[in-house]
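Numbered according to this note's numbering, the sequence shown spans residues 2 to 184.
Glycine included, each C-beta is placed from N, C-alpha and C at the ideal position.
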Amino acid sequence: MAQVITISELELVNRLKKKDQSALDYLFDHYSGAIYGVIFRILKKEEIAEEVLQDVFLKVWDRIESYDSSKGKLFTWMINIARNQAIDSTRSKENSKSRKTDDIDYLVSKIDIQEHSQLPVDAIGLKEVLQQLTEEQQFIISQLYLKGYTQSEVAEEFNIPLGTVKTRLRLAMIELRAILDIK
Numbered sequence: 002m003a004q005v006i007t008i009s010e011l012e013l014v015n016r017l018k019k020k021d022q023s024a025l026d027y028l029f030d031h032y033s034g035a036i037y038g039v040i041f042r043i044l045k046k047e048e049i050a051e052e053v054l055q056d057v058f059l060k061v062w063d064r065i066e067s068y069d070s071s072k073g074k075l076f077t078w079m080i081n082i083a084r085n086q087a088i089d090s091t092r093s094k095e096n097s098k099s100r101k102t103d104d105i106d107y108l109v110s111k112i113d114i115q116e117h118s119q120l121p122v123d124a125i126g127l128k129e130v131l132q133q134l135t136e137e138q139q140f141i142i143s144q145l146y147l148k149g150y151t152q153s154e155v156a157e158e159f160n161i162p163l164g165t166v167k168t169r170l171r172l173a174m175i176e177l178r179a180i181l182d183i184k
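Take a look at the structure:
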């Protein structure tokens with residue numbers, strides 16, 4: 002049985018800032034699935050999502066010096082980079098041209114997103130924190146932040162009024178701030 006190695010976020014960031022390749026490998030191994038899930042949810046095309054995923058990790062590697070732990074967790078910073086990269090990709094002319102011809106390919110080769118979007122919550126210490134929320138709050142946080150849905154998409158797909166989604170999110174964020182003692 003392979004030994005699972007966990008690295009604290011602080012140590013991981015320090016090693017990345019020192020350009021430690023093994024730290025980047027660890028980062029990719031532990032975070033790529035969840036980040037891919039967010040990217041794929043936006044782009045809905047496997048090939049482009051994989052390219053954007055690579056771009057995200059290159060950007061993280063190149064810009065790790067700009068990461069500020071006082072503004073949030075490493076994972077949150079990476080998810081923001083991923084979302085921005087995916088959105089930028091949808092805006093590119095090249096993507097819009099290929100999207101018209103590749104929609105059939107997407108339908109034929111649709112992948113199981115859940116396989117790629119399982120966040121290693123144990124590895125980054127979120128599991129215990131999220132379990133302190135109500136089931137409804139856990140669901141909203143999972144759909145919005147871990148799976149990349151928008152509030153409108155959650156409302157539509159799960160037949161929940163948009164106002165309810167927003168309220169549950171607001172209450173979940175208040176609760177998370179209290180749990181994490183963030184002002």
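Exercise. Quick one: residues in its chain with C-beta nearer than 6 Å to the C-beta of Ile175, no 5 flanking neighbours on either side, listed in chain order?
Key: For this step, residue 175 is matched to residue 174 along the sequence shown. Hits under 6 Å: none found.
Self-check item: Trp62 versus Asp89, Leu17, Glu47, Tyr32, residue with shortest Cα-Cα distance
Solution: To locate residue 62, count along the sequence shown from 1; it is residue 61. Here the closest residue by C-alpha is Leu17.
Quiz item: By how many angstroms is the C-alpha of Val155 removed from the C-alpha of Ile161?
Solution: Your numbering for residue 161 matches position 160 in the sequence shown. Your numbering for residue 155 matches position 154 in the sequence shown. The alpha-carbon atoms of Ile161 and Val155 are separated by roughly 7 Å.
Quiz item: If you follow the alpha helix (DSSP H) that Glu66 is part of, which residue opens it and which one closes it?
Solution: What you label residue 66 is simply residue 65 of the sequence shown in a count that begins at 1. Looking at the DSSP string, Glu66 is not in any alpha helix (DSSP H), and its letter there is neither H nor E.
Practice problem: Tell me where the alpha helix (DSSP H) around Thr135 begins and ends. | Solution: Looking up residue 135 in the sequence shown gives position 134. It is not in any alpha helix (DSSP H) - Thr135 carries neither H nor E in the DSSP assignment.
Quiz item: Taking buried to mean at least 16 other C-beta atoms within 10 Å of its own C-beta, is Ser90 buried or exposed?
Solution: Indexing the sequence shown from 1 puts residue 90 at position 89. Buried, by the Cβ-count rule.
Self-check item: Terminal residues of the alpha helix (DSSP H) in which Gln152 lies
Solution: Against the sequence shown, residue 152 aligns to sequence position 151. It spans 152-158 - the alpha helix (DSSP H) in which Gln152 sits, taken as one unbroken run.
Quiz item: When burial is assigned at 16 or more other CB atoms within 10 Å of the CB, is Leu11 buried or exposed?
Solution: Translated into the one-based positions of the sequence shown, residue 11 becomes position 10. With fewer than 16 other Cβ atoms within 10 Å, it is exposed.
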